[in-house]
Structure formats: structure tokens, C-alpha cells
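Residue numbers for the sequence shown, in my numbering: 28 to 370.
Cβ coordinates follow ideal geometry from the N, Cα and C atoms, glycine included.
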Amino acid sequence: MSDTWRFVARPGATDTIYGLDLSPDGGRVATASWDSAVRVMDLQEGRTLHTLNGHEGRVYSVAFHPDGRLLASGGTDAVVRVWDSLEGRALWSQSGHTSLIYGVDFQPQGDLLASGSEDGTVAIWTVQGERVHHIEGHNQYVQGVAFSPDGRLLASGSRDCNLILWDVRSGAEVGRVAVVHNGINSVRFTGDGKRVLLTNVDGSVGIWDLASGTLLMERNEHRYPVWSAVFSPDGGTFATASADRTVCLWDTASGTQLGRFTGFGADVYSLEYTPDGRFLVCGSADKTIRLWGRDLSDADWQSLTGRWAASEEAERAGLAPAAAKPAPAAGQGGIFGRLFGRR
């Protein structure tokens, strides 16, 4: 690839990291782990700010609210939980499914929250915890849910090989795309809301046009299931995370593979770009968080890796770095401003 990428990694959980999401300002990452915990980490320092306990069993999904404060999670206990991610406390929990929750997503406008479950159902909630819709339409489990950019549609992708579009206001089905013989693992809308990026069980990834229901582009370079994918902030590229222990970068327009990240110790389940597109955060079954950075100076990279190493050492020693030094807010300069594009 033409850009120079390198990574820093540290343990992020005591079991598989299945889901992650970035705060809107890109300063914090939340992780969902099979060790039953949700964690919030400061990307500048590489240190854990909060460990949120409350789920029984594995946690599969997390999503930040557009305000950067609320954080939703779901897991094997079939409970949707919402937390205050800044204060590290639980706000509410609701049982709206009969089996594990694979996906959660907040509406971009911030009024609603969606959850998708192994029981084949989708639920839509207010951010205060009131269930608005309980939707049945899939005959196998729902792996991914995503609101459209305008918040009017909700897409659900299932192992029944169907992507269904739901009207958020009425809860009615308004569209369906059949991905024949290929279970869906994750769903992402393009910025204009006209297409979706789907990852699949067979190791393929495709971009579909919603108006026509046609497959515009498909790639099959991964050898095992692709668990998730994410567009870069400008939409020009996308990244995929796979059970083959790699992350691939792709050109959105041509489908050309731009690069492949290796070195993971197990499946890569989740990934997100920072808002400036210079960093890609990955979560893996090898229990690590990896931060891949593009075209950084040696000085900036050494400063970043030094902070991550110091935070890991402090946490291993049983210290409380989060309490000792509060995390700076986004935009306060320093190494955070230089690395993440906020001065």
C-alpha cells in the first residue's frame, strides 16, 4: 500500500474482544468482551477509564450515542444496557429479546436505539429505555443492525441471508435484499444512505444498491468469515475484519485491495476509523486492542507507543491511572491534538 501504517497493541480484556465503537470525537474506544465487561479506554493514553460490569455472560456489542456520553451494550444475557460512559455508571437495562444480542446501534439523530438478536427479532427503543417496536421478520439470528444516515430506516442483516429495511416510525418492512446462500455478519450504510456494505459468512464482502437490490461490487480475498467492515470517514476506502486473522483495506470505487494488516493472534472481530481517517482501531479474539496509524512522524509514534506502554505497565501493577490523571477533552491539544487532528 502507498501509505505507511504501523500499530501499537495492548491487552484490552481477559477474553475475546468481539465489539468496539469509538466516541464521536475519536478520543475514546468502548469494547465488548466475552469476559462479561464493557470497557472504555482513552486512545491518547492507552489506558482504561472505566470497566462497566453488569452483563451476565459474554458481551457482543457496544455503540456510542452521538452525544458521546451514552453507551449501549448487548450480550448473551439478552439485556440491552445503557451506560453513562463519562461517569462509568449504569443508567438503564431492558429485556426485549429471548436470546443473545449481537448488535446495537443508535440513530444518528440520537432519539432511538436499535438491537438485533439471535432470536431473529429486532427491537427499537427510546434512549430513555421505552420499547417502541418489537419486529419479527427474520427466521435466523440477526447479526447486525444499522440506522440510515437520515434516521428514517433501520437495516437488519441475518444469517437467513436477508437484509431487511424497516421504516423506523411504523416498524413496517419497506425493502428486502436477498443475499443468496450467504449469511450476513454486519451492515454499514454509505454516507448518502443509498448503498450498504455487507460482510458475509463465506469470507466475501459486497456493496449493494438499495433502490435496485443489486450487487455493485463483491470481493472474496478473505479465506474465512468476514465479521465486520467500516468505511473511512470520506467514504473513499473501507476496511474489513476477518476470521483469517487479517484486516484488509479496499478502494470503495474500484474494489481494489490496498493493503492487508497481519500479525493478529486470532480472529479480528471489530474495527473503527478515527474521525480524521488516520487511525484504525481493531478488536480481536487475541484479547488485544490494536491501533494502526498512518503516516506518522517517528516522534509522534514514539510518544504514542510510550504512553500506551506506560498505561499497560501501570494497570498490570494494579495502579489506578484513570483516577490519578483525568483524560483531557477532545481538542485540548498536546499529543492528542497532533495525532488525531484536533488542535
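Could you give the first and the last residue of the continuous beta strand (DSSP E) run that contains L331?
Boundaries around L331 are those of the alpha helix (DSSP H), 325-343, since no beta strand (DSSP E) includes it.
Based on the DSSP secondary-structure assignment, which residues constitute the bridge partners of P38?
Beta-bridge partners of P38 (DSSP): T315.
Hey, how far is the Cα of G320 from the Cα of T31?
Rounded to the nearest angstrom, the two C-alpha atoms are 8 Å apart.
Distance, N189 Cα to V206 Cα
Using only the alpha carbons, I get a separation of about 6 Å.
For a quick check, are the C-beta atoms of T279 and G263 less than 7 Å apart?
Between T279 and G263, the C-beta gap is smaller than 7 Å, which places the two residues in contact.
Could you check what DSSP says for W277 in three-state terms: helix, strand or coil?
The answer is strand: DSSP assigns W277 an E or B state.
Rounded separation between G2 and N212 - CA only:
With the chain covering 28 to 370 only, the question about residue 2 has no answer from this structure.
Is the distance from the Cβ of E339 to the Cβ of L49 below 7 Å?
Between E339 and L49, the C-beta spacing is not below 7 Å.
Closest Cα partner of R85 within the set L243, S297, Y129
The residue from L243, S297, Y129 with its alpha-carbon nearest to that of R85 is Y129.
Do the segment 113-122 and the segment 164-177 touch if we need at least three Cβ pairs shorter than 8 Å?
Result no; under three Cβ-Cβ pairs closer than 8 Å.
Considering only the beta carbon of each residue, do S269 and N247 sit closer than 7 Å?
Contact check for S269 against N247 fails: the beta carbons are separated by 7 Å or more.
Of the residues P252, G101, T241, which one's Cα is nearest the Cα of V228?
Taking only the C-alpha atoms, the option nearest V228 is P252.
Reducing DSSP to helix, strand and coil, say where F291 ends up.
In the structure shown, the three-state DSSP call for F291 is coil.
For W254 and T226, believed in contact at Cβ under 8 Å, the rounded distance
About 7 Å separates the Cβ atoms of T226 and W254, confirming a contact at the 8 Å cut-off.
So, Y168 versus E145, is the Cβ gap smaller than 7 Å?
Against a cut-off of 7 Å, the Cβ pair of E145 and Y168 comes out as a contact.
Helix, strand or coil: which one does DSSP assign to R55?
Here R55 sits in strand by DSSP.
Could you work out which residue in S297, W328, R343 is closest to V56 when comparing CA atoms only?
Closest by alpha carbon: S297.
Give the secondary structure of T301 by DSSP, where H, G and I count as helix, E and B as strand, and everything else as coil.
Reduced to three states, the DSSP call for T301 is coil.
Give a yes or no on whether the C-beta atoms belonging to H82 and V67 are separated by under 7 Å.
For H82 and V67, no; Cβs fall outside 7 Å.
What three-state label does DSSP hand D48 in the structure shown?
Of the three classes helix, strand and coil, the one that applies to D48 here is strand, per DSSP.
Hey, G102 and Y87 are a contact pair by Cβ (cut 8 Å); roughly how many whole angstroms apart?
Contact between G102 and Y87 holds, with the beta-carbon distance rounding to 5 Å and staying under 8 Å.
If you draw a straight line from the alpha carbon of G310 to that of D322, how long is it in whole angstroms?
In this structure, the CA atom of G310 is about 21 Å from the CA atom of D322.
Could you compute how far the alpha carbon of D110 sits from the alpha carbon of D138?
At residue 110 the sequence reads Trp, which differs from the Asp that was named. Using only the alpha carbons, I get a separation of about 16 Å.
Please look up how many angstroms separate the CB atoms of V131 and A105, rounded, as I've assumed it's under 8 Å.
In fact, because the Cβ distance is near 12 Å, the residues do not count as touching under 8 Å.
Count the other CB atoms, across all protein chains shown, that sit within 10 Å of the CB of S60; report buried if there are 16 or more and exposed otherwise.
Buried: at least 16 other Cβ atoms inside 10 Å.
Closest residue to D271 among R287, S259, F258 (Cα-Cα distance)
Nearest of R287, S259, F258 to D271, Cα basis: R287.
Three-state secondary structure (DSSP) at R196?
It is coil, neither helix nor strand.
How far does the beta strand (DSSP E) with H161 in it extend, from its first residue to its last?
Start and end: 158-163.
Who are the Cβ neighbours of T332 in its own chain at under 7 Å, not counting the five residues just before and after it?
Cβ within range, chain order: V35.
Between the Cα of G388 and those of K314, L285, V159, spot the shortest distance and give me the residue it belongs to.
Here the chain has residues from 28 to 370 only, and residue 388 is not among them.
Ends of the beta strand (DSSP E) at Y129?
Here the beta strand (DSSP E) through Y129 covers 128-133.
Apart from the five residues just before and just after G156, which ones in its own chain have a Cβ nearer than 6 Å to its Cβ?
Taken in chain order, the residues that qualify are W119, Q121.
Mind reading off the beta-carbon distance from Q71 to R334? Whole number of angstroms is fine, and I expect it under 8 Å.
About 7 Å separates the beta carbon of Q71 from that of R334, a gap short enough to meet the 8 Å contact definition.
Enumerate in chain order the residues of its own chain whose CB-to-CB distance from G178 is below 8 Å, with the five nearest sequence positions on each side excluded.
Taking G178 as the centre and dropping the five residues before and after it, the same chain places the C-beta of Q134, P135, Q136, D138, L139, V195 closer than 8 Å to its C-beta, in chain order.
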